[in-house]
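First comes the structure, then the notes that go with it.
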Amino acid sequence: MASQVSQILASPISCNMENRPETDLHPGILADVILNCPDKDIDITTQLRYEELKEVRRMLVMPMDTSIQKLPLIDAVQRLGVNYHFEKEIEDASEAIYHDNNEADNDLHTTLRFRLLREHGFDVPCAKAFYKFKDEEGNFKSSLTNDVQGLLELYEASYMRMHGEDILDEATSFTTTHITLAAVTLDNPLSERLLMP
Numbered sequence: 001m002a003s004q005v006s007q008i009l010a011s012p013i014s015c016n017m018e019n020r021p022e023t024d025l026h027p028g029i030l031a032d033v034i035l036n037c038p039d040k041d042i043d044i045t046t047q048l049r050y051e052e053l054k055e056v057r058r059m060l061v062m063p064m065d066t067s068i069q070k071l072p073l074i075d076a077v078q079r080l081g082v083n084y085h086f087e088k089e090i091e092d093a094s095e096a097i098y099h100d101n102n103e104a105d106n107d108l109h110t111t112l113r114f115r116l117l118r119e120h121g122f123d124v125p126c127a128k129a130f131y132k133f134k135d136e137e138g139n140f141k142s143s144l145t146n147d148v149q150g151l152l153e154l155y156e157a158s159y160m161r162m163h164g165e166d167i168l169d170e171a172t173s174f175t176t177t178h179i180t181l182a183a184v185t186l187d188n189p190l191s192e193r194l195l196m197p
């Protein structure tokens with residue numbers, strides 16, 4: 001069997017180009033429609049979607065009091081899966097957020113800022129951001145358990161850890177425990193998000 005394979009591989013392959021028929025390729029059925037479609041013929045749904053995307057782009061480039069205010073918008077655009085439309089705008093906003101020296105004003109913004117910047121490749125130290133969540137004894141503050149949205153953000157941010165960032169390992173354990181407890185006791189749409197894999 002091996003000798004047959006080697007004989008086949010060793011035999012020259014002849015391609016006689018003269019015997020091949022010449023074909024005349026025709027463009028696809030929709031080629032004329034796509035190439036000759038003026039903007040005025042775009043259906044109303046496509047036009048509305050285009051206008052919505054322009055509005056999101058405007059919101060991303062619009063100056064705000066602080067760059068932190070763009071965090072929820074960037075997060076929403078990424079979660080919706082349309083961030084590829086706004087790569088440049090998101091990169092510019094991320095750069096501004098990274099260089100903005102203002103501290104995030106609440107726990108949600110702290111964790112969201114950390115996660116989004118790490119996702120975009122910025123070197124954000126976790127110590128400064130997350131030690132404010134601990135009490136004098138070195139445990140996570142019990143007040144964090146009252147803010148389920150904040151727990152979710154801390155949980156997601158904890159997965160952006162690098163080797164040696166023990167506080168984020170602790171955050172994963174802490175948030176997993178309390179999110180599981182909250183999912184059982186909550187009776188609202190947020191509990192469905194908690195139970196999603």
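Those letters in the sequence shown? Residues 1 to 197, per full-length UniProt numbering, in order. Ideal Cβ placement from N, Cα and C applies to all residues, glycine included.
- Per DSSP, the beta-bridge partners of Lys134 are Phe140.
- Segment contact: the region 159-169 against the region 114-128, three or more CB-CB distances shorter than 8 Å; contact assigned.
- Counting only the Cα atoms, Asp100 lies some 11 Å from Asp65.
- Boundaries of the alpha helix (DSSP H) harbouring Thr175: 166-185, taken from the DSSP string.
- Rounded to the nearest angstrom, the gap between the Cα atoms of Gln69 and Leu181 is 30 Å.
- A Cβ-Cβ separation of about 7 Å places Glu119 in contact with Met160 under the 8 Å criterion.
- Counting other Cβ atoms within 10 Å of its Cβ, Leu71 reaches 16 or more and is therefore classed as buried.
- Assigned with DSSP and collapsed to three states, Arg118 falls in helix.
- Following the DSSP letters along the chain, one finds Gln69 in no alpha helix (DSSP H), marked with neither H nor E.
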